[in-house]
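J.:
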Amino acid sequence: MSKTESLVERRVTYTLEMDGKLYVVENMPARVDEETGEQFFAPHTVERLREIIRGEEKPGKVVETPVYEYPSGRNPV
109 MSKTESLVER RVTYTLEMDG KLYVVENMPA RVDEETGEQF FAPHTVERLR
159 EIIRGEEKPG KVVETPVYEY PSGRNPV
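See below:
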């Protein structure tokens with residue numbers, strides 16, 4: 109028996125870590141699997157993301173966020 113995928117068009121908030129920097133892109137178009145939450149992006153959407161990150165566009169806003177490191181030795185996988 110195969111699972112029927114149920115993808116819906118949504119706008120999502122996408123985070124990306126690149127070159128030691130964290131980027132957040134809001135309202136990014138995606139197809140989202142309703143069961144798993146996995147996000148899929150069209151090739152042109154990914155290319156536009158690269159243009160935004162690598163280009164000279166100024167962000168709509170800048171946020172400061174704390175970064176935590178999970179302590180080693182606790183609950184190993």
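In this text, residue positions in the sequence shown follow our numbering: the first is 109, and each later residue adds one.
Glycine included, C-beta positions come from ideal geometry on N, C-alpha and C.
Going straight from the alpha carbon of Glu159 to that of Thr153, what length do you get?
T.: Taking the straight line from one Cα to the other gives about 10 Å.
J.: On the three-state DSSP scale, how would you describe Pro194?
T.: No statement about residue 194 is possible, as the shown extent of the chain runs from 109 to 185 and does not include it.
J.: Who are the Cβ neighbours of Glu142 in its own chain at under 7 Å, not counting the five residues just before and after it?
T.: Only Ser114 and Val116 meet the Cβ criterion.
J.: Span of the alpha helix (DSSP H) holding Val154?
T.: Element bounds for Val154: Pro151 to Arg162.
J.: Would you mind giving the Cβ-Cβ distance between Ile216 and Met136, rounded to the nearest angstrom? I have them listed as a contact below 8 Å.
T.: Given that the chain is displayed from residue 109 to residue 185, the structure contains no residue 216 and the question cannot be resolved.
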